[in-house]
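Numbering (our numbering), first residue to last: 21 to 797. Beta carbons: idealized from backbone N, C-alpha and C, even for Gly. Since this is a predicted model, take the numbers as computed values, not measurements.
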Amino acid sequence: MFLNPERVSMPDIDSDFCYERRQEVIDYVVEKYGVSNVSQIITFGTMAPRACIRDVGRAMSYSYSEVDRIAKMIPAVIGISIEKALEMNPELGNAYKTEDRVKALIDVSKDLEGLPRHSSTHAAGVVIASKPLVEYVPLQRNDESIIAQFDMGTLEELGLLKMDFLGLRTLTVMSDSVKMIKENRNVDIDLDKIDYDDKEVYKMISEGKTAGVFQLESAGMVSFMKELKPDCLEDIIAGISLYRPGPMAEIPRYVDCKRNPEKVKYETPELEEILDVTYGVMVYQEQVMQIVMKLAGYSMGRSDLVRRAMSKKKHKVMEEERKNFIHGIVNENGDVEVVGCLRNGISEEIGNKIFDSMMDFASYAFNKSHAAAYAVVGYQTAYLMHYYPVETIAAMLNSIIGTSEKVAHYINFAESLGVEVQPPNINESYAKFTVKGEKIKFGMAAIRNVGTNVIDSVVIARNKKGRFESLIDFINKIELSSINKRAVESLIKSGAFDEYQVFRSKLLAVYEKLMDSVSNEKKRNIDGQISLFSFAEESIKTPEIIYPNIKEFSKKNLLAMEKEMTGLYLSGHPLDEYGSSLKMQTSTNISEIYKAHELLKESFDEQLQEDTIHDDERVILGGIISEVNQKVTRNNTMMAFIKLEDLTDTIEVIVFPRTLDKVREVLKLDSLVVIKGRVSIKEDEIPKLICETIEPLEKINTSKIYLKVETLPEAKKLIKTLKTMPAEYRGDTTVFIFTAIDKKSYRMVREIWVNLETDVTTYLRELVGENNLKIVD
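Next comes the structure, spelled out in structure tokens:
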């Protein structure tokens, strides 16, 4: 419907491609239409309020501190203006009124705000013309590309065709997954020919298991899919379209009518053939166009004008169209151009009601073609994730291989599915993450100081000369000119040589001498000391390895090395032994805070927000301190910014001076801690924790003791007695009371936990009876 012959303006044409091959598409277009007929598009960065004040202050020779003070008073709100900032921040408003220099700075900044500051190349836009572009627009050369010097809006006004060629990471992931499936399982997958009615895939989506699934993995969408329980592609298309401001209000009705088709009602019978696929709910822009055409006799071209006016909230135009929709249009010659609802037997009341519904909905609506394309990609990624999770996760890891925090997130996700990501191995790893059987092998490109040249040399030597049997064998076989000591050190620290079952401490103690020895031997041979009839490799004497008699590094230090080299803990985690302790001493985990932030950005989903963590809420987090930065404040006191990492994610913690003085002893790198504080969850900021207290994380006894009673009144009486038990019986073993009447276990408060190293069991058996006490390790 968007390419109808009566359309008065060109549609937006967005095409997504594998991001690694996007340039191929641009090259193809240039080749097909001619280099003079195709160009990329300029875009202008404008003077935003904070940057504008800083630039103007610099031009007016204000000091940095003076300008910085004013710039920081502008609230960090998307789309804010200086005028709005003066209203929002009383401190800024007061400075403007009372300080002449501030007033002068802001007045000039207001005049310049919004003006172009710099130019760059639009990330996706390409313009294509039937004649050389120089006949339409000014051009410039930018490196190797030709750029149109008019922005997108101006190009559209000139009637030129603009297309967006977008690089989509998900398409690259899908392509890589299919290749790995072929390599690992010898199975050919054609994603265009998979079964789009696979019940198992829809079951997975309905259960909310959509991590890594395109368009369906956000917290809000997971909740919606669990409620919707899609059983066909049409449901996913509708779901993607509905989960937006405006249409979201219709989600309860959509879900209810899907479950109970008898509840579907139409204002007029003509709507049924348009809205039956969406259970009587308006979901797509195309439906708006179909409604005005079917009920009021609009032409295709005019229906598109209505859609555009609604989507851009042109109220004047819409009020005029309301009259046309109800009463129709008769031209000067008495010819009917638009029939209108009344002539089609639809009452004015019903017509207005339908038009109101379209007005409420259309400004946020998706077009179905867009939603359908997204839904197909979403289903395809769900299919791959369901049937081939190992290859799909490996492909995801490769797509973000340079970002350690994202890699950590997907490794945690893999482990949650039971997929093992193995540490790097000098004999099995390649540059990227690879799949072997049902396991993922860590990619060497993710190791610090190990570049492409090093990895290529490792793989070439391995392929030509066979497996590396030891560290010295590796040094002998590798081309030493392509690898330096720093790279070998990084490989050792990351665990790439662990298969030799030699302590990393010993490998690190000898690798430099071994490299020097082999290098010198090779140089001597090159200098002519090899016999004319002997082979070079046979003539190189392999130095004997004498490892020092030293202990291995502690587990903590080994993990720290892995973290240093890869940004991740590979062979374990410092918190592995503290899982139960974390659950008992904390109120939430870090990933829940990020989930709350994600839901805040989806601010139209109020119910989900109600059930999650809120801004300024007190929480207790536990984990390891992975970074500490101390800074001097303007008052010449110290404050700290630390990174806290738990088993789910990492968060920044701000420790203000007053708190820092109290917690300095605990605030050390790699310390295991419990932090109480308030979360800062703002829509346009990364979540943070404002620290109130920090204490060491204690390892808690995970044993449990169960005391059985028959009824709830007996349980209450027992609790009262336990509160008075002798102090020496109190400890760190959790106490549960099991009530036979409702077959439930109730966890007791910490003050009545017990110490099993005392004779507390004798005391407890006297209270509940010999056979009503059970200890579980």
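Comparing alpha-carbon positions, which option in the options lies nearest residue i?
i	options	result
Thr670	Arg678, Leu588, Asp184, Asn656	Leu588
Val233	Ile271, Glu352, Pro409, Glu435	Pro409
Glu584	Tyr403, Asp376, Ile214, Leu511	Leu511
Lys343	Ser331, Gly354, Lys333, Ala316	Ala316
Ser323	Phe462, Arg78, Gly697, Val358	Val358
Val50	Gly113, Pro152, Cys72	Pro152
Val55	Glu86, Ile148, Ser367, Asp131	Ile148
Lys696	Leu717, Lys702, Tyr749	Leu717
Would the beta-carbon of residue i fall within 8 angstroms of that of residue j?
i	j	result
Lys533	Arg524	no
Ser59	Ala143	no
Glu107	Met93	no
Lys456	Glu448	yes
Asp690	Leu602	no
Phe758	Tyr783	no
Ser150	Thr63	no
Met302	Met378	yes
Thr401	Met658	no
Val686	Glu715	yes
Ile311	Ile374	yes
Ala258	Thr230	no
Ile645	Ile662	yes
Ser261	Ala391	yes
Val122	Val76	no
For the beta strand (DSSP E) containing residue i, list its first residue and its last residue.
i	result
Pro716	708 to 716
Glu564	Element bounds for Glu564: n/a, residue is neither H nor E.
Met183	181 to 188
Ser765	764 to 767
Lys219	Lys219 -> not in any beta strand (DSSP E); alpha helix (DSSP H) instead, spanning 219 to 226.
Leu793	793 to 796
Thr66	58 to 66
Just the C-alpha distance for residue i and residue j, rounded to the nearest angstrom, thanks.
i	j	result
Phe799	Ala415	In the structure displayed, the chain extends from 21 to 797; residue 799 sits before or after that span and is not available.
Ile166	Asp255	43 angstroms
Phe433	Lys314	49 angstroms
Ile413	Tyr430	7 angstroms
Glu705	Asp171	30 angstroms
Tyr766	Phe756	5 angstroms
Thr454	Glu247	36 angstroms
Ala239	Asn504	45 angstroms
Ile640	Arg70	35 angstroms
Lys764	Thr754	16 angstroms
Gly365	Pro158	55 angstroms
Leu528	Met535	12 angstroms
Thr192	Ser419	8 angstroms
Asn57	Glu440	51 angstroms
Arg482	Phe488	7 angstroms
Leu180	Tyr407	45 angstroms
Ile565	Glu435	38 angstroms
Asp296	Pro289	11 angstroms
Leu188	Phe37	6 angstroms
Ser723	Tyr598	14 angstroms
His347	Gly360	5 angstroms
Lys615	Pro250	23 angstroms
Glu340	Gln305	19 angstroms
Determine the extent of the alpha helix (DSSP H) in which residue i is found, giving its start and end residues.
i	result
Tyr430	424 to 436
Leu667	Taken as a continuous stretch (DSSP letters only), Leu667 belongs to no alpha helix (DSSP H), as it is neither H nor E.
Pro677	677 to 683
Phe244	239 to 248
Thr753	Looking at the DSSP string, Thr753 is not in any alpha helix (DSSP H); the run it does join, the beta strand (DSSP E), is 750 to 759.
Leu727	Careful: Leu727 lies outside any alpha helix (DSSP H), inside the beta strand (DSSP E) at 724 to 729.
Phe345	335 to 347
Gln160	Where Gln160 is concerned, there is no enclosing alpha helix (DSSP H), although the beta strand (DSSP E) it sits in stretches over 159 to 162.
Glu270	Element bounds for Glu270: n/a, residue is neither H nor E.
Please state whether DSSP places residue i in a helix, a strand or coil.
i	result
Ala660	strand
Arg524	helix
Arg137	strand
Cys38	strand
Val49	helix
Phe386	strand
Tyr286	coil
Lys459	strand
His406	helix
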